[in-house]
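Engineer: Here it is, the structure in full.
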Amino acid sequence: MIEEPATSLGARPPARLRDYLAMARPDHWPKHVFILPGIVLAYLAHPAPPDRVLARCAVGLVAACLAASANYVINEWLDARSDRHHPSKSTRPAVVTEMSAALVAAEYLVLAGLALAAAALVSPLYLYCSLAFLASGLTYNVRPLRTKDRAYLDVVTEAVNNPIRLTLGWAMVWPDTLPPSSLLLSYWMGGAFLMAIKRLAEHRLAAGAGVLDQLRLYRRSFRRYTDARLLISAFLYAQLAAFFLAVFLVKYRIEYLLSLPVFAALFAVYLRIGLKPDSTAQRPEKLFRERSLLAVVALLVATLALLTWIDIPALDRLSSPHYLRLGGE
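Residue numbering for the sequence shown follows my numbering, beginning at 57 and increasing consecutively.
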């Protein structure tokens, strides 16, 4: 699994300890914000003693961050040859320093082992989800599968981490059940929308700079992508996410249907961000700088919080067949 790059990257200085630690990318840990909805929804559905939940959350977040770092280590090592063609990723430690395959393998195994040990302390479900999270990293990065090199498959396989993260959050609170399948599918397709917009932003930037050939060397999947194809696929993922979300909202709390316009605005704002020159959609860990996105997220959270405590019986009619009579028989 941990193999030497197939071609030489040239003469490079030997890697230092901080270079190996940088491969774990702790600055990317904020991506685990996608765990939070799982925690909140599980708690609303099945309130548990706060002290128990807090303890599980603390250990669970540590486990999730360690598992993510293990995936980042294997990602950076196996991408070193292609990352040299990327304007920002070409400065990563695995590209600019000479690293030991044995030490990289040891770092991966230590991080993965610690993640699974911590996950086992949370619950069996959390452990299984952590294994799935690590397996998705191997599927995405390691040959012969290496789905990141296959157009469209790269998006849906990377996005599968979203429902895994949701279930990780759920398992911290209610480890005896799984989240509703409609919610998991919506989360998955929502993640696919985010990944498609990320690739659209990368493709538009490279096309504008006249370096599409370099982008295709960086990632093989871009050899089949165009702006139009990426935008159409993002539209498809957004539609599927909205459909499964509506199913979940109607089935579990119909008042949440009133939040759908805010969800739609969230997709629209993210698309707008993705269409900006040198968009932050290429670097999701930097999205907290987008004030418009934060404003819509805050509005969505406030709307859902309000609808959690307000009952609107009249909305129940939307979930049963009803016909308007115009006269006649």
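Note that CB positions come from ideal geometry on N, CA and C, so glycine has one too.
Computed from a predicted structure; not experimentally measured.
In the structure shown, what three-state DSSP assignment does Pro236 receive?
Structural biologist: In this structure, Pro236 counts as coil in the three-state DSSP scheme.
Engineer: Following the continuous alpha helix (DSSP H) through Phe90, name the residue where it begins and the one where it ends.
Structural biologist: Neither: Phe90 is in no alpha helix (DSSP H) and is coded neither H nor E.
Engineer: What's the call for Glu346, buried or exposed, on a 16-neighbour Cβ count within 10 Å?
Structural biologist: buried
Engineer: Going by other Cβ atoms of all chains shown within 10 Å of its Cβ, with 16 needed for buried, is Pro260 buried or exposed?
Structural biologist: Before going on, a small fix: residue 260 reads as Arg here, not Pro. So Arg260 counts as buried.
Engineer: Would you mind listing the alpha helix (DSSP H) stretches within the segment 256-326 that are 4+ residues and don't spill past its ends, in chain order?
Structural biologist: 268-274 and 283-308
Engineer: Going by CA-CA distance only, name the one from Pro340, Ala111, Leu296 and Ala320 that's closest to Tyr243.
Structural biologist: Leu296
Engineer: Leu239 and Leu363: beta carbons closer than 9 Å?
Structural biologist: no
Engineer: Do you know offhand how far Leu250's Cα is from Ala294's?
Structural biologist: 9 Å
Engineer: Determine the closest residue to Gly193 out of Pro377, Leu356, Asp210 and Ala67, with distance taken between C-alpha atoms.
Structural biologist: Asp210
Engineer: Under a Cβ-count criterion, where at least 16 other Cβ atoms within 10 Å of its own Cβ denotes burial, should Arg221 be classed as buried or exposed?
Structural biologist: buried
Engineer: Should Phe189 go down as buried or exposed, given a rule of 16 or more other Cβ atoms within 10 Å for buried?
Structural biologist: buried
Engineer: Looking at Ala171 and Ala119, is the spacing between their C-beta atoms short of 9 Å?
Structural biologist: yes
Engineer: Bridge partners of Pro143, per DSSP?
Structural biologist: Partner(s): none; Pro143 has no beta bridge.
Engineer: Quick one: give me the first and last residue of the alpha helix (DSSP H) that Ser335 is part of.
Structural biologist: Note, Ser335: premise wrong, no alpha helix (DSSP H); not H, not E.
Engineer: Can you check whether the CB of Pro219 is closer than 9 Å to the CB of Gly264?
Structural biologist: no
Engineer: Which two residues bound the contiguous alpha helix (DSSP H) that contains Trp226?
Structural biologist: Per DSSP, Trp226 belongs to the alpha helix (DSSP H) from Asn217 to Val229.
Engineer: Report buried or exposed for Tyr379, applying the criterion of at least 16 other Cβ atoms within 10 angstroms of its Cβ.
Structural biologist: exposed
Engineer: Cβ of Leu313 within 9 Å of Cβ of Leu371?
Structural biologist: Leu371 is positioned such that its CB atom lies closer than 9 Å to that of Leu313.
Engineer: Taking just the CA atoms, how far does Trp133 sit from Thr336?
Structural biologist: 24 Å
Engineer: Note down, in chain order, each residue of its chain lying with its Cβ closer than 7 Å to the Cβ of Val303, except the 5 sequence neighbours on either side.
Structural biologist: Ser238
Engineer: By the DSSP assignment, the alpha helix (DSSP H) with Pro70 in it spans what residues?
Structural biologist: Element bounds for Pro70: n/a, residue is neither H nor E.
Engineer: In or out: Ala158 buried (at least 16 other Cβ within 10 Å) or exposed?
Structural biologist: Result: exposed.
Engineer: Counting Cβ pairs, one atom from each stretch, are 3 or more of them under 8 Å apart for the segment 193-203 and the segment 70-88?
Structural biologist: no
Engineer: Between which two residues does the alpha helix (DSSP H) containing Leu187 stretch?
Structural biologist: Pro180 to Asn197
Engineer: Taking the alpha carbon of Ile91 as the point to measure from, which residue in Met228, Pro105 and Asn197 has its own alpha carbon closest?
Structural biologist: Met228
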